[in-house]
Amino acid sequence: MKLLLDIFLTFARIGLFTFGGGYAMLPMLERELVEKKHWVTEEDLANYFAIGQCTPGIIAVNTATFTGHKLKKIPGAIFATLGVIFPSVVIILFLAAFVTHFAEIEWVQHAFAGIRACVCVLIFFSVLKLGKKSVKNLLTWGVFLVVLALAMFTNLSTVLLVIAVGIFGVIFTALKERRKAQ
Amino acid sequence: MMTILRLCAEFFMTGLFAVGGGLATLPFLYEIGEKTGWYTDTDVLDMLAISESTPGPIGVNMATYAGYGVSGVPGGICATLALVLPSVIISVIISGFLEKFKGNSLVQGTFGILRPASTALITAAGLGVAWKVFFPQGLGTGNLWNMLFAVIDYKALILAAVIVLVMTFWK
């Protein structure tokens, strides 16, 4: 029960400080889950993001569900998910009830311009950490650069990209194993 | 009561079919608005702005907002839970599968190749954010100076530089 509460509170904190959608939560996830709590590894996070890309639903929720499930099965998954959406639900209900045209208030716009600049830097540091663990040799550098170029300069859907890389991964690994076995 | 059920059904379907994160819910949200008249296209745009400036995924925010508009606080909560339910179920199934086959070399090898792809997608998204932050008006025209340095948002750049310094030296 204590762990479930801890899961809920940790994910509520992550949900509270996730500005600008799924990817922006990566720095918080690294800090809270990998460095502070040691619940998952850097590799786990990269796996969850890859799976989250090609399964239905919001990546933040998928990641929370995965981590919660790893720690404490289905109750863990439920508490983590409820935690990560809790702050947003409360904030939006509050805004919907009391504040109209929230996004047009001038100081709000200035505050969030600042927050976005911070988010940029945080994502940059997170990507460096993630890259150190996942991009290590010629093959992984190749995959990284090709996917980066396709994601930036074409309109291919990310779902398609992840599925294509997944299929490539299965075939490549199977062939490698076979050669090893021979 | 019927409205709440309908609300749950609509957002459950959105959660089930919107693949690939927050913005993927956008077309579904427009469709629900058009079909049911619960909110207008302008509301969705407002919501997008609010979502970008408050914590939380846009899908969750939109479900809460629309649900609240339709039937108050219970509506907001029900719509949000309905939206996340499909991904929770699917993720639990995949997570169980992953734990079972964690030692499998095919699974390990495949994820070893998926991880750099996932890193690349996050990098691309991060660069997209950076682009909007540092060049809010896009690139200028003419020579290199006008294209880059005349239009860059210096306030954002200085703020970012300060954060980089703080994060590097204050561990």
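Those sequence lines, one after another, are chains W and R. Numbering-wise (our numbering), the first sequence opens with residue 1 and increments by one. Numbering-wise (our numbering), the second sequence opens with residue 1001 and increments by one. Note that the Cβ used here is the ideal one computed from N, Cα and C, for glycine as well.
Based on Cα-Cα distance, which residue from the options lies nearest to residue i?
i                       : options                           : result
residue 183 of chain W  : W:83, W:10, W:18 and W:180        : The requested residue 183 of chain W does not occur in the structure, where chain W is confined to residues 1 to 182.
residue 1055 of chain R : W:70, W:91, W:80 and W:64         : W:91
residue 70 of chain W   : R:1048, R:1061 and R:1099         : R:1099
residue 1163 of chain R : W:137, W:105, W:125 and W:87      : W:125
residue 1076 of chain R : W:61, W:93 and W:81               : W:93
residue 1139 of chain R : R:1129, R:1130 and R:1150         : R:1150
residue 1153 of chain R : R:1131, R:1144 and R:1040         : R:1131
residue 133 of chain W  : R:1148, R:1113 and R:1142         : R:1113
residue 81 of chain W   : W:97, W:72 and W:63               : W:63
residue 1167 of chain R : W:178, W:140 and W:122            : W:122
residue 24 of chain W   : R:1155, R:1127, R:1109 and R:1141 : R:1127
residue 151 of chain W  : R:1124, R:1065, R:1043 and R:1042 : R:1124
residue 1051 of chain R : W:40, W:164 and W:87              : W:87
Below 8 Å on the Cβ atoms is my guess for residue i versus residue j; work out the distance and round it to an integer in Å.
i                       : j                       : result
residue 1117 of chain R : residue 50 of chain W   : 7 Å
residue 16 of chain W   : residue 79 of chain W   : Incorrect: roughly 16 Å between the Cβ atoms, too far for contact.
residue 26 of chain W   : residue 1094 of chain R : In fact, because the Cβ distance is near 20 Å, the residues do not count as touching under 8 Å.
residue 1063 of chain R : residue 1079 of chain R : 4 Å
residue 65 of chain W   : residue 1088 of chain R : 5 Å
residue 53 of chain W   : residue 158 of chain W  : 5 Å
residue 1173 of chain R : residue 47 of chain W   : Outside the displayed span of chain R (1001 to 1171) sits residue 1173 of chain R, for which this structure offers no information.
residue 171 of chain W  : residue 1092 of chain R : Rounded, the Cβ-Cβ distance is 28 Å, inconsistent with contact.
residue 14 of chain W   : residue 28 of chain W   : 5 Å
residue 1109 of chain R : residue 173 of chain W  : 3 Å
residue 1025 of chain R : residue 1036 of chain R : Not confirmed; about 16 Å, so no contact.
residue 1038 of chain R : residue 1009 of chain R : Rounded, the Cβ-Cβ distance is 13 Å, inconsistent with contact.
Three or more beta-carbon pairs under 8 Å between the stretch 1078-1087 of chain R and the stretch 45-57 of chain W, yes or no? yes
Any residues in the stretch 1112-1129 of chain R with a beta carbon nearer than 9 Å to a beta carbon of chain W? Which ones, in chain order? 1112, 1113, 1114, 1115, 1116, 1117, 1118, 1119, 1120, 1121, 1122, 1123, 1124, 1125, 1126, 1127, 1128 and 1129
Short-range partners of chain R found in the stretch 40-70 of chain W, where Cβ spacing is below 8 Å: 43, 46, 47, 49, 50, 51, 52, 53, 54, 55, 56, 57, 58, 59, 60, 61, 62, 65, 66, 69 and 70
Closer than 8 Å is the cut-off here; do at least three beta carbon pairs connect the stretch 1150-1162 of chain R with the stretch 109-126 of chain W? yes
Can you confirm whether the stretch 1112-1130 of chain R touches the stretch 141-156 of chain W when touching is taken to mean that 3 or more C-beta pairs between the two stretches lie within less than 8 Å? yes
Interface residues of the stretch 1072-1091 of chain R facing chain W [CB-CB below 7 Å]: 1073, 1076, 1077, 1080, 1084, 1086, 1087, 1088, 1090 and 1091
Cβ contact (3+ pairs, closer than 8 Å) linking the stretch 1067-1075 of chain R and the stretch 1003-1014 of chain R: yes
Taking Cβ-Cβ distances below 8 Å as the criterion, which residues of the stretch 1052-1064 of chain R are in contact with chain W? 1052, 1053, 1054, 1055, 1056, 1057, 1058, 1059, 1060, 1061 and 1064
Using Cβ-Cβ distances below 8 Å, what residues of the stretch 67-94 of chain W are close to chain R? 69, 70, 74, 77, 78, 81, 85, 87, 88, 89, 91, 92 and 93
Taking Cβ-Cβ distances below 8 Å as the criterion, which residues of the stretch 163-178 of chain W are in contact with chain R? 165, 166, 168, 169, 170, 172, 173, 174, 176 and 177
Taking only beta carbons into account, state which residues of the stretch 101-130 of chain W come closer than 9 Å to chain R, listed in chain order. 101, 102, 103, 104, 108, 109, 111, 112, 113, 114, 115, 116, 117, 118, 119, 120, 121, 122, 123, 124, 125, 126, 127 and 130
Residues in the stretch 134-151 of chain W with C-beta within 9 Å of chain R's C-beta atoms, listed in sequence order? 134, 135, 136, 139, 140, 141, 142, 143, 144, 145, 146, 147, 148, 149, 150 and 151
Members of the stretch 1142-1167 of chain R near chain W, C-beta cut-off 7 Å: 1156, 1159, 1160, 1163, 1164 and 1167
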